[in-house]
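In full-length UniProt numbering, the protein residues as written are 1 to 445. Below is one structure; the comments refer to it alone.
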Amino acid sequence: MQLDLRVGKKYRIGRKIGSGSFGDIYLGTNIISGEEVAIKLENTKAKHPQLEYEAKVYKALSGGVGIPFVRWYGTECDYNAMVIDLLGPSLEDLFNYCNRKFSYKTVLLLADQLICRIEYIHARCFIHRDIKPDNFLMGIGRRGSQVNVIDFGLAKKYRDPRTHLHIPYRENKNLTGTARYASVNTHLGIEQLRRDDLESLGYVLIYFCRGSLPWQGLKAATKRQKYDRIMEKKMTTSNDVLCKGLPVEFLEYMNYVKSLRFDDKPDYPYLRKLFRDLFRREEYKYDYVFDWTLYKFQQEKQRQQQGKTGDIDQQAPAQQQQQQAPTQQQQQQLQQQSPQLQQQAQQQLLSQQQQQQQSLAQSPVVPQVQQLQQQSQQKSQTPQLAQKQQQQPQYQQYANAPSSFQRFSTNQQPLAQSPQLLQQQQAGAQQQQMQDRRLNNQAWI
Numbered sequence: 001m002q003l004d005l006r007v008g009k010k011y012r013i014g015r016k017i018g019s020g021s022f023g024d025i026y027l028g029t030n031i032i033s034g035e036e037v038a039i040k041l042e043n044t045k046a047k048h049p050q051l052e053y054e055a056k057v058y059k060a061l062s063g064g065v066g067i068p069f070v071r072w073y074g075t076e077c078d079y080n081a082m083v084i085d086l087l088g089p090s091l092e093d094l095f096n097y098c099n100r101k102f103s104y105k106t107v108l109l110l111a112d113q114l115i116c117r118i119e120y121i122h123a124r125c126f127i128h129r130d131i132k133p134d135n136f137l138m139g140i141g142r143r144g145s146q147v148n149v150i151d152f153g154l155a156k157k158y159r160d161p162r163t164h165l166h167i168p169y170r171e172n173k174n175l176t177g178t179a180r181y182a183s184v185n186t187h188l189g190i191e192q193l194r195r196d197d198l199e200s201l202g203y204v205l206i207y208f209c210r211g212s213l214p215w216q217g218l219k220a221a222t223k224r225q226k227y228d229r230i231m232e233k234k235m236t237t238s239n240d241v242l243c244k245g246l247p248v249e250f251l252e253y254m255n256y257v258k259s260l261r262f263d264d265k266p267d268y269p270y271l272r273k274l275f276r277d278l279f280r281r282e283e284y285k286y287d288y289v290f291d292w293t294l295y296k297f298q299q300e301k302q303r304q305q306q307g308k309t310g311d312i313d314q315q316a317p318a319q320q321q322q323q324q325a326p327t328q329q330q331q332q333q334l335q336q337q338s339p340q341l342q343q344q345a346q347q348q349l350l351s352q353q354q355q356q357q358q359s360l361a362q363s364p365v366v367p368q369v370q371q372l373q374q375q376s377q378q379k380s381q382t383p384q385l386a387q388k389q390q391q392q393p394q395y396q397q398y399a400n401a402p403s404s405f406q407r408f409s410t411n412q413q414p415l416a417q418s419p420q421l422l423q424q425q426q427a428g429a430q431q432q433q434m435q436d437r438r439l440n441n442q443a444w445i
């Protein structure tokens with residue numbers, strides 16, 4: 001039996017879809033509108049609860065492009081719950097989907113948006129402090145090409161929004177964030193500021209171009225020792241070595257962000273211009289066609305081609321079956337239809353015979369036979385009999401006979417008395433039969 005768990009009275013909790021810094025994320029559904037959302041849960045007994053603070057940061061940043069909107073926050077049973085917009089896959093997921101390598105075009109398209117997102121967060125007096133591919137999610141639907149920033153549990157104000165006073169310089173701070181992308185100053189325990197977010201972003205972009213960073217895969221006995229080894233590798237890897245083989249703009253980016261002082265305001269337009277100039281020089285199109293878009297299109301095209309070949313293989317046996325003898329069911333249908341076809345054929349034959357009779361009644365053969373009959377009568381009969389025949393013209397009625405079968409009736413004895421006339425009569429009859437057959441054949445063709 002599946003429990004119907006809800007938060008905020010109208011959001012139903014579904015399956016788990018991810019994990020954040022201090023909580024798990026679940027797929028949720030608005031039971032009123034049916035809209036899908038993301039629900040982040042945190043145990044109220046956690047040692048360092050962060051979800052309430054994160055919800056406040058989201059609300060402070062609300063309205064910005066690429067900032068998810070918080071629908072509801074509250075406590076349900078033993079959990080703090082935050083309901084936010086549902087987003088698509090993370091850049092880390094898409095990186096793995098594309099075999100862990102992005103093209104320069106995709107990296108530059110992402111860089112332009114990522115610099116804008118970080119600039120907006122900094123403009124609202126916050127620093128993120130955990131810049132990494134997992135915390136950047138693509139949108140869904142119409143906003144599928146928009147990069148969104150999530151997981152503000154470690155975010156911090158770096159100055160007072162009213163007085164604009166900057167936080168003081170501090171050292172001996174514990175490492176906050178993800179060691180792979182953390183700045184060198186973060187490893188050294190120096191208070192993080194705007195420059196550190198941008199340095200972390202530089203590592204992310206180089207990671208996308210190369211597929212890995214030089215300090216990945218280092219092993220150590222403890223987490224602290226691993227952090228130390230990563231810091232040592234970062235400090236000994238110069239920007240020239242880190243950016244070797246990449247366009248010079250990546251080196252210029254890293255040199256600039258590492259040259260910033262503690263409270264310097266970064267020149268965000270300059271950083272964007274670096275990558276935009278490279279984008280134009282490579283003659284890329286700003287069409288938001290990322291690598292995963294092309295990769296997915298190619299996969300779907302291959303599936304369609306495989307489906308078409310499968311359909312052809314399935315159609316060939318079907319066509320062979322259609323060319324074979326009819327099945328028992330088809331034979332039964334033909335047998336049921338045969339009496340109806342016979343009746344239709346008989347009706348067509350009768351109508352054709354009637355048409356033939358009407359055409360033969362008007363045939364030129366009849367007057368010819370009548371003339372022959374009159375000539376034979378004059379030769380073979382006496383003048384007295386001829387006079388009687390003139391008084392009673394029997395062959396005039398015969399000439400108007402409606403049927404060819406009545407034309408040579410046995411009642412017409414005078415025609416049979418002359419041998420020559422009989423031969424002519426038979427020849428005319430044969431000629432008429434041939435014409436009848438031709439008409440018959442034309443009617444059935």
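Positions of the beta carbon are idealized from the N, C-alpha and C atoms, including for glycine. The structure presented is a predicted model; accordingly, all values stated were derived computationally and were not measured.
Looking at the strands, I want to know which residues DSSP matches up with residue i.
i, result
"G74", "A81"
"H187", "Beta-bridge pairing links H187 to no other residue."
"R6", "R12"
"L127", "Reading off the sequence shown, one finds Ile at residue 127, where the question assumed Leu. I127 is bridged to K156."
Does the beta-carbon distance from residue i to residue j come in below 7 Å?
i, j, result
"C125", "R170", "no"
"V257", "E191", "no"
"L278", "E249", "yes"
"I115", "R272", "yes"
"E35", "F22", "no"
"D228", "G177", "no"
"K59", "Y284", "no"
"V70", "A55", "yes"
"L223", "Y181", "It is worth fixing the name first, because residue 223 is Lys in this sequence and not Leu. Result no, Cβ atoms of K223 and Y181 do not sit closer than 7 Å."
"I121", "K156", "no"
"N148", "G139", "yes"
"G66", "L137", "no"
"G211", "R281", "no"
Please report the residue range of the alpha helix (DSSP H) in which residue i lies.
i, result
"K273", "Y268 to R281"
"K105", "Y104 to A123"
"V289", "From DSSP, V289 is part of no alpha helix (DSSP H); its letter is neither H nor E."
"I206", "R194 to R210"
"K234", "K223 to T236"
"V248", "V248 to S259"
"L165", "Counting along the chain, L165 falls outside any alpha helix (DSSP H), and DSSP gives it neither H nor E."
"V65", "V65 -> no alpha helix (DSSP H), and no H or E assigned at all."
"Y262", "Note on identity: in this sequence residue 262 is Phe, with Tyr being the wrong assignment. Segment: none, F262 is in no alpha helix (DSSP H) and carries neither H nor E."
"L94", "L91 to Y97"
"L242", "N239 to L242"
With a threshold of 16 other CB atoms inside 10 Å of the CB of residue i, please say whether the residue is buried or exposed.
i, result
"Q394", "Annotation note: pLDDT 42 at Q394 (below 50); position unreliable, coordinate value reported separately. Exposed, because fewer than 16 other Cβ atoms sit within 10 Å of the Cβ of Q394."
"C243", "buried"
"D267", "exposed"
"C209", "buried"
"A38", "buried"
"I13", "buried"
"Q323", "In this prediction, Q323 scores a pLDDT of 44, lower than 50, which makes its location untrustworthy; the coordinate-derived value is nonetheless stated afterwards. Its Cβ having fewer than 16 others within 10 Å, Q323 is exposed."
"L165", "exposed"
"Q337", "The pLDDT assigned to Q337 is 49, lower than 50, so where the model puts this residue is not dependable; a value taken from the coordinates is nonetheless given after this. By the 10 Å Cβ count, Q337 comes out exposed."
"D240", "exposed"
"I306", "With the sequence shown as reference, residue 306 is identified as Gln, and Ile is not the correct amino acid for it. The residue is exposed, with fewer than 16 neighbouring Cβ atoms inside 10 Å."
"R117", "buried"
"N135", "buried"
"T410", "The pLDDT assigned to T410 is 39, lower than 50, so where the model puts this residue is not dependable; a value taken from the coordinates is nonetheless given after this. Exposed."
"K265", "exposed"
"Y26", "buried"
"M82", "buried"
"I32", "exposed"
"V369", "Summary for V369: the model assigns pLDDT 42, below 50, so the residue's position carries little reliability; its value from the coordinates is reported in the next sentence. V369 is buried by the Cβ-count criterion."
"M254", "buried"
"R195", "buried"
"Y207", "buried"
"A111", "buried"
"D151", "buried"
"G144", "exposed"
"T186", "buried"
Between which two residues does the beta strand (DSSP E) holding residue i run?
i, result
"L27", "D24 to N30"
"Y11", "Y11 to S19"
"V149", "V147 to V149"
"E36", "E36 to N43"
"residue 451", "This structure cannot settle anything about residue 451, because the visible part of the chain is limited to 1 through 445."
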